[in-house]
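> Just so you know, we're using this note's numbering here: the sequence shown kicks off at 21 and counts up by one.
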Amino acid sequence: MDVKKIFSISLGHLACDINGGALPTLLPHLAAAHQFNYQTSGGLMFAYSVASSIVQPVFGLLSDKVRKPVFVPLGVLLASLGLGLSGWLDSYWAIFAVLVISGVGGALFHPEGARYANRMAGEQKGMALSIFSVGGNSGFVLGPLLLTAGTGLFGLRGTLVFTLVGLIMALVLFRLLVLVPQAESTPSGASAAGAAGENDWKAFGVLVFVIMSRSILFLGLNSYIPLYWTDVFGWSNEDAALVLALFGGVGVTSNVLGGMLADRSGYSRAIRLAYVLCLPALLLFPWVTSPWLAGLLLIPLAVGLFAPFSAMVVLGQKYLARNMGFASGVTLGLALSVGGMATPLLGRIADTAGGLPTAFLCLGPVALMGGLASLFLHDPRETAPASGDGEAA
21 MDVKKIFSIS LGHLACDING GALPTLLPHL AAAHQFNYQT SGGLMFAYSV ASSIVQPVFG
81 LLSDKVRKPV FVPLGVLLAS LGLGLSGWLD SYWAIFAVLV ISGVGGALFH PEGARYANRM
141 AGEQKGMALS IFSVGGNSGF VLGPLLLTAG TGLFGLRGTL VFTLVGLIMA LVLFRLLVLV
201 PQAESTPSGA SAAGAAGEND WKAFGVLVFV IMSRSILFLG LNSYIPLYWT DVFGWSNEDA
261 ALVLALFGGV GVTSNVLGGM LADRSGYSRA IRLAYVLCLP ALLLFPWVTS PWLAGLLLIP
321 LAVGLFAPFS AMVVLGQKYL ARNMGFASGV TLGLALSVGG MATPLLGRIA DTAGGLPTAF
381 LCLGPVALMG GLASLFLHDP RETAPASGDG EAA
């Protein structure tokens with residue numbers, strides 16, 4: 021495994037996903053400045069999530085056929101540019117449009133980024149994808165903190181700090197992936213992942229359903245946790261951002277532990293255990309009236325939602341061993357769009373049926389269905405890698 025390049029692409033993942041991580045914390049600021057309700061606020065999350073997710077399989081198929089390393093720095097740049105401009109605009113639809121641009125940047129980055137991580141992994145693909153995933157999940161931790169610092173110093177226009185971060189990282193990745201000769205970008209002896217095994221579309225379909233469930237839960241919580249603490253518990257925007265950062269911080273740590281558990285006990289088992297941990301906390305959460313007890317419940321929720329993330333990505337790549345780029349595009353993208361689509365619906369429920377606690381009650385059945393579906397997952401039998409030139413599918 022080329023550790024230096026794996027960590028570089030993981031930092032790129034952080035620079036890309038820090039924008040999506042900041043967006044939920046930005047929503048209360050935008051709502052206060054422009055008088056947005058829950059549904060319109062959820063619509064902005066919808067704009068980013070669906071744009072980021074829906075086209076990723078297309079870029080994934082492209083990366084299976086033709087290597088496009090420029091997608092990685094370009095994706096980081098667009099993702100950061102869109103979020104950076106959102107604080108400078110007054111029109112709802114203009115903000116919606118730049119968040120779509122930010123989402124397209126994420127769609128450009130993820131399939132080629134995951135494919136590159138696989139290429140640099142050698143025989144340690146599970147570990148490499150875990151490191152790659154940690155970078156993205158760290159973005160959801162640092163995003164709220166950077167947003168709070170930027171808006172605290174400069175108001176809404178402080179969002180431009182995300183464009184600065186993205187520009188710097190895009191230049192670094194452009195030099196690493198585009199300017200460096202091709203021979204230096206592939207470690208010698210890397211196995212051809214696409215040459216080993218067959219595609220198991222049925223198992224992949226079950227996994228996609230499980231990922232969709234996880235996406236609805238994760239984006240539902242991640243989008244409305246700040247608003248939950250401000251509107252239900254009466255906390256300030258800054259304190260609510262710290263709660264979201266706690267949720268993400270526990271989650272990032274859990275992602276590492278989840279990867280270790282998956283390596284030891286199997287990817288499918290790690291996913292099932294995560295649902296077992298998550299479901300009781302989620303069922304109890306809407307009934308809690310203390311912000312401190314609710315904060316404690318965020319710990320098992322974060323573990324249950326973050327820990328299986330890398331296991332899901334690696335398992336998807338194993339199920340579609342011959343189309344790894346497409347598998348990455350679906351598991352990191354298309355399946356996640358369902359969560360983005362559900363976010364405005366949760367907002368609509370909150371607006372019309374008793375507030376955010378009622379909306380969160382609707383997440384319990386989603387978790388139950390995902391947990392039941394995870395019982396049908398299995399770890400594919402390992403196949404000896406075929407000899408090749410090191411090009412991953």
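Just so it is clear, CB atoms sit at the ideal spot from N, CA and C, and this is done for glycine as well.
Which of the three DSSP states is assigned to S235 in this structure?
Here S235 sits in helix by DSSP.
> Can you tell which of L388, L46, G123, V192 has its C-alpha closest to the C-alpha of G175?
Minimum Cα distance to G175 is reached at L46.
> CA-CA distance, G271 and F346?
Cα to Cα, G271 sits roughly 26 Å from F346.
> Which residues in the same chain as T286 place their Cβ atom closer than 7 Å to its Cβ, once the five residues preceding and following it in sequence are excluded?
It should be noted that the sequence gives Gly, not Thr, for residue 286. Only D399 meet the Cβ criterion.
> Under the rule that 16 or more other beta-carbon atoms within 10 Å means buried, what is A314, buried or exposed?
The residue in question, A314, is buried, as its Cβ has 16 or more Cβ neighbours within 10 Å.
> Should L316 go down as buried or exposed, given a rule of 16 or more other Cβ atoms within 10 Å for buried?
The residue in question, L316, is exposed, as its Cβ has fewer than 16 Cβ neighbours within 10 Å.
> Evaluate the contact criterion for the region 156 to 164 versus the region 47 to 60: three or more CB pairs, one atom per stretch, below 8 Å.
Short answer: they don't touch.
> With a floor of 3 residues, list each beta strand (DSSP E) that falls wholly inside the region 258 to 343, ordered by position along the chain.
Runs of the beta strand (DSSP E) inside the region 258 to 343: none found.
> Can you name the start and end residues of the alpha helix (DSSP H) that H398 belongs to?
Looking at the DSSP string, H398 is not in any alpha helix (DSSP H), and its letter there is neither H nor E.
> How long is the line joining the alpha carbons of W255 and V263, rounded to whole angstroms?
Answer to the nearest angstrom: the Cα atoms are 10 Å apart.
> Please name the residue, chosen from V198, S235, F224, K24, that lies closest to F91 on a Cα-to-Cα basis.
Selected option, being the one with the closest Cα: V198.
> Between the Cα of S100 and those of S73, Y112, F66, A42, spot the shortest distance and give me the residue it belongs to.
Checking every option, the nearest Cα to that of S100 belongs to A42.
> Secondary structure at R87, three-state DSSP: helix, strand or coil?
It is coil, neither helix nor strand.
> In three-state terms, what does DSSP make of F253?
Three-state result, F253: coil.
> In angstroms, rounded to a whole number, what distance separates the CA positions of N242 and R401?
Cα to Cα, N242 sits roughly 35 Å from R401.
> Answer with buried or exposed for K424, where buried requires no fewer than 16 other C-beta atoms within 10 angstroms of its C-beta.
With the chain represented from 21 up to 413, any question about residue 424 goes unanswered, as that position is not in the structure.
> Does the count of Cβ pairs from the region 147 to 156 and the region 111 to 121 closer than 8 Å reach three?
Flag = no, the region 147 to 156 and the region 111 to 121 do not touch.
> Can you check whether the CB of M389 is closer than 7 Å to the CB of S233?
It is a contact, given that the beta carbons lie within the stated cut-off.
> For L277 and D251, I'd like the C-alpha separation in whole angstroms.
Using only the alpha carbons, I get a separation of about 33 Å.
> Which of the three DSSP states, helix, strand or coil, is assigned to V120?
Helix, per DSSP.
> Would you check if there are 3 or more beta carbon pairs closer than 8 Å linking the region 329 to 346 to the region 297 to 305?
Touching, no.
> Would you check if the distance between the CB atom of G360 and the CB atom of V70 is smaller than 7 Å?
Their beta carbons are under 7 Å apart, which means G360 touches V70 by this criterion.
> By the DSSP assignment, the alpha helix (DSSP H) with Q59 in it spans what residues?
That run of the alpha helix (DSSP H) goes 58 to 74.
> Kindly indicate which residue of Y244, F253, P320 has the alpha-carbon position closest to the one of S274.
Comparing Cα positions, the closest option is P320.
> Contact defined as beta carbons within less than 8 Å: I believe G353 pairs with S111. What is the distance between those atoms, to the nearest angstrom?
At roughly 28 Å, the Cβ-Cβ gap does not stay under 8 Å, so G353 and S111 are not in contact.
> For L224 and Y339, which I take to be in contact (beta-carbon distance under 8 Å), what is that distance rounded to the nearest angstrom?
Correcting the residue identity first, residue 224 is Phe in this sequence and not Leu. With 8 Å as the limit, F224 and Y339 qualify as a contact, their Cβ atoms being about 4 Å apart.
> Under a three-way DSSP split, which group does N219 fall into?
Coil at N219, not helix or strand.
> Could you have a look at S111 and say whether DSSP puts it in helix, strand or coil?
Reduced to three states, the DSSP call for S111 is coil.
> Roughly how many angstroms separate the alpha carbons of N219 and P77, rounded to a whole number?
Going by the C-alpha atoms only, they are around 16 Å apart.
> Is any heavy atom in the ligand SAM found nearer than 6 Å to the beta carbon of V276?
In the structure shown, the ligand SAM is absent, as is every other ligand, since no ligand is present at all.
> On the DSSP letters alone, give me the boundaries of the alpha helix (DSSP H) that D37 sits inside.
Segment 23 to 54, the alpha helix (DSSP H) holding D37.
> Please report the straight-line C-alpha distance between K88 and L304, rounded to a whole angstrom.
Approximately 46 Å, taken between the alpha carbons.
> State the start and end residues of the unbroken alpha helix (DSSP H) segment that holds L381.
Element bounds for L381: 376 to 381.
> Whole angstroms is fine: what's the gap from V75's alpha carbon to G126's?
One C-alpha to the other measures close to 10 Å.
> Run through DSSP, which three-state label would M389 get?
In this structure, M389 counts as helix in the three-state DSSP scheme.
> Rounded to a whole number of angstroms, what is the C-alpha to C-alpha distance between L128 and C382?
The straight-line gap from Cα to Cα measures roughly 32 Å.
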